[in-house]
Amino acid sequence: MAGLVSRLYRGETNVDFVGKQKLWYGLSAFLLLISVAGLAVNGLKLGVEFTGGSVFSFKAPSATIEQVRGTILEASEHPPIVQTTNSGWRVTTGSLPAEKITAVQKAVADEFDLAEPSEVTVQVIGPSWGDQVADKAVVGLIVFMLAIVLYLTMAFEWKMALAAIVALLHDLVITAGVYAWSQFEVTPATLLGFLTILGYSLYDAVVVFDMIKEVTAKLGTTSKVTYSQAANDALNHTLIRSLNTTLVAILPVAAILFIGTTLFGAGTLKDLSLALFVGMIVGTYSSLCVATPLLVTLKEREPRYQAIARRLASTGGAAKAGRQPVAAGAASGGDKRRKK
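Residue 109 in numbering that gives the first Met the number 0 is what sits at position 110 of the sequence shown, and the numbering runs on without skipping anything.
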């Protein structure tokens with residue numbers, strides 16, 4: 000195990016990511032199918048910000064969740080969603096008329112010995128506010144996608160842009176599927192998390208694509224490796240960077256999700272951290288196992304790379320190259336450039 004970690008950090012690994020593309024495509028198809036099924040069966044559990052409703056906040060340190068839920072349910076006749084926060088209790092119900100809101104305040108004050116019903120603060124939220132947030136999020140997503148396509152097309156090429164967009168959509172659907180099956184509430188903080196993971200996933204893909212561009216730029220008619228082998232070598236050279244970036248980023252997010260929500264009941268942070276936690280893991284997977292294999296599939300159809308593959312196949316050169324670190328010259332050239 001120690002030897003594997005050591006070789007991983009020295010960049011001496013040669014995992015055949017590209018050669019196992021059917022495995023990755025099958026795994027991704029399975030995850031997408033499960034996610035779409037969750038969205039179709041359960042749907043997303045929208046928060047009060049999108050559906051409209053009433054939010055009651057109050058302090059009752061000695062109360063239990065069952066007591067709070069029972070009191071609110073009896074007074075409002077609406078099934079409540081009860082959360083604990085650093086400042087006390089936060090209870091969400093459907094939209095209530097003014098008399099029901101007053102009845103809930105009085106019931107809570109009487110049940111938990113509050114001095115005045117006014118100590119139960121109320122926030123009434125209409126669904127139109129949530130519609131505005133959702134509309135802006137959709138606009139932001141469309142602008143973000145267009146900017147990605149434009150940037151990657153100019154900096155790299157359209158095939159890399161297409162592979163990156165497919166990977167991003169892959170990440171979004173799977174993350175949404177996790178929310179559908181877990182029935183975590185989708186709030187404005189969740190939308191913020193969704194947009195954040197898009198940027199994270201894109202960053203990882205750009206790092207990989209940049210190395211692939213550098214390595215494959217040296218391929219010519221006399222090349223001793225195919226495009227697939229060169230791309231796989233580039234992927235292995237960026238592997239430890241991708242893993243390190245994910246590990247460093249995911250540790251504080253995991254702390255917020257698993258420790259913060261358990262000990263402190265951090266509601267808003269929970270909504271944000273789940274999207275980040277799932278999105279970072281899926282984003283790392285997609286940049287390695289979805290975006291790059293898809294790019295290779297597209298590039299291997301080009302006549303120049305098909306000619307290289309045919310020539311190496313006829314001479315047995317591709318098989319020989321496959322037993323050694325691929326595109327070593329290109330990689331060492333990159334190392335020399337970095338040393339400068």
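For every residue, glycine included, the Cβ atom is placed at its ideal position computed from N, Cα and C.
- Beta bridge pairing from DSSP links V14 with no other residue.
- The three-state reading of DSSP puts K58 in coil, since its state is none of H, G, I, E or B.
- When the beta-carbon positions are compared, K44 and G87 stay at least 7 Å from each other.
- Bounds of any beta strand (DSSP E) do not take in I255, whose DSSP letter is neither H nor E.
- In summary, P79 is buried, with 16 or more beta-carbon neighbours lying within 10 Å of its beta-carbon over all protein chains present.
- Per DSSP, T225 is not a residue of any alpha helix (DSSP H), being assigned neither H nor E.
- By the neighbour-count criterion, in which a residue is buried when 16 or more other Cβ atoms sit within 10 angstroms of its Cβ, I64 is exposed.
- The alpha-carbon separation between H169 and K99 amounts to approximately 44 Å.
- Between the beta-carbon of K298 and that of Y226 there is about 5 Å, and that keeps the pair under the 8 Å contact cut.
- DSSP places R300 outside both helix and strand once states are collapsed to three, so it counts as coil.
- Take the alpha-carbon of L161 and the one of A204: they are about 12 Å apart.
- Judged by DSSP in its simplified three-state form, S181 adopts helix.
- Within the DSSP bridge table, the entry for K44 names E184 as partners.
- No residue range can be given for T237, since it is assigned to no alpha helix (DSSP H) and is classified by DSSP as neither H nor E.
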